[in-house]
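To convert a position in the sequence shown, counted from 1, into this note's numbering, add 1.
Everything on this sheet refers to the single structure shown next.
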Amino acid sequence: MSASPRVPYTRLAAAAFKGLLATSKAVHDSSIDPVLMELVFLRVSQINGCGYCMDMHATTLRKGGIEPRKLDTLPAWHESRFFDARERAALGWAEALTRLSSAAPSDAAYDALAPHFDEKGISDLSMGIAVINAWNRLGAGLLPPLP
Numbered sequence: 002m003s004a005s006p007r008v009p010y011t012r013l014a015a016a017a018f019k020g021l022l023a024t025s026k027a028v029h030d031s032s033i034d035p036v037l038m039e040l041v042f043l044r045v046s047q048i049n050g051c052g053y054c055m056d057m058h059a060t061t062l063r064k065g066g067i068e069p070r071k072l073d074t075l076p077a078w079h080e081s082r083f084f085d086a087r088e089r090a091a092l093g094w095a096e097a098l099t100r101l102s103s104a105a106p107s108d109a110a111y112d113a114l115a116p117h118f119d120e121k122g123i124s125d126l127s128m129g130i131a132v133i134n135a136w137n138r139l140g141a142g143l144l145p146p147l148p
């Protein structure tokens, strides 16, 4: 692992980087519970294979006191008893929006959100998923060093 990214994208694309940081702040300040958003960020990062983001979000969750068994079973959330219906709906939507190359999100994945999120919550969650996918592409493609 290198001590620097493949290219210094934070400097070379500084305006876009600052914009993505501002969007990330808005997502963190949204209506979605911060722990749920971190779980979504970690799951999307696992799917995308972004080691930098996996390390960051898992560390945040551990520091926040998430039960280790819940964190350990996140890749198999649909089989784990540690996730409630709201978390399952959010993680299902996160996976559907992240895996667009295989198919558009199903009506079932979208419909599962309605009992748990209002329109603002669905919008905030979807923006969070979009943002972490952008960060994952930078992390997996340009390989920033782990802290």
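No residue lacks a Cβ here, since even glycine has one placed at the ideal position from N, Cα and C.
query	result
With DSSP collapsed to three states, give me the class of residue 44.	helix
Grouping DSSP H, G and I as helix and E and B as strand, with all else coil, what is residue 94?	helix
Just verifying my parser: in three-state terms, what is the DSSP assignment at residue 31?	coil
Please state the DSSP three-state secondary structure of residue 84.	coil
If the criterion is Cβ atoms closer than 7 Å, does the pair residue 95 and residue 130 meet it?	yes
Taking 8 Å as the cut-off, does the stretch 58–78 touch the stretch 36–50 (at least 3 CB pairs, one atom from each stretch)?	yes
Tell me which residues share the same chain as residue 45 and place their Cβ nearer than 7 Å to its Cβ, disregarding the 5 neighbours each side in the sequence.	95, 99, 130, 133, 134, 137
Output the distance between the C-alpha atoms of residue 102 and residue 12, rounded to the nearest integer angstrom.	30 Å
So what does DSSP say about residue 76, is it helix, strand or coil?	helix
From residue 93 to residue 126, what distance separates their C-alpha atoms?	11 Å
Since residue 43 and residue 58 are thought to touch, with beta carbons under 8 Å apart, how far apart are those beta carbons, to the nearest angstrom?	4 Å
Between 141, 106, 86, which lies nearest to residue 118 when the distance is taken from Cα to Cα?	86
From 91, 47, 122, pick the residue whose C-alpha is nearest to that of residue 109; which is it?	91
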